[in-house]
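Residue numbers (our numbering): 3 to 35.
1. Any idea what DSSP makes of residue 32, helix, strand or coil?
2. Quick one: what's got a C-beta closer than 7 Å to residue 8's C-beta in the same chain, skipping five residues either side?
3. Give the straight-line distance between the Cα atoms of residue 10 and residue 16, rounded to the nearest whole angstrom.
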């Protein structure tokens, strides 16, 4: 159970990092920003 939980948390963190990077990239490419 420990490894499963750790794997789930790692996956969620990875997804969150990808989403954050995408948002930052879009914000940087926005002329209004």
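Where is the CB? At the ideal position from N, CA and C, for every residue including glycine. On a predicted model such as this, the values are computed, not experimentally measured, just so you know.
Result, derived from the coordinates:
1. Under the three-state reduction of DSSP output, residue 32 falls in the coil class, being neither helix nor strand.
2. none
3. 10 Å
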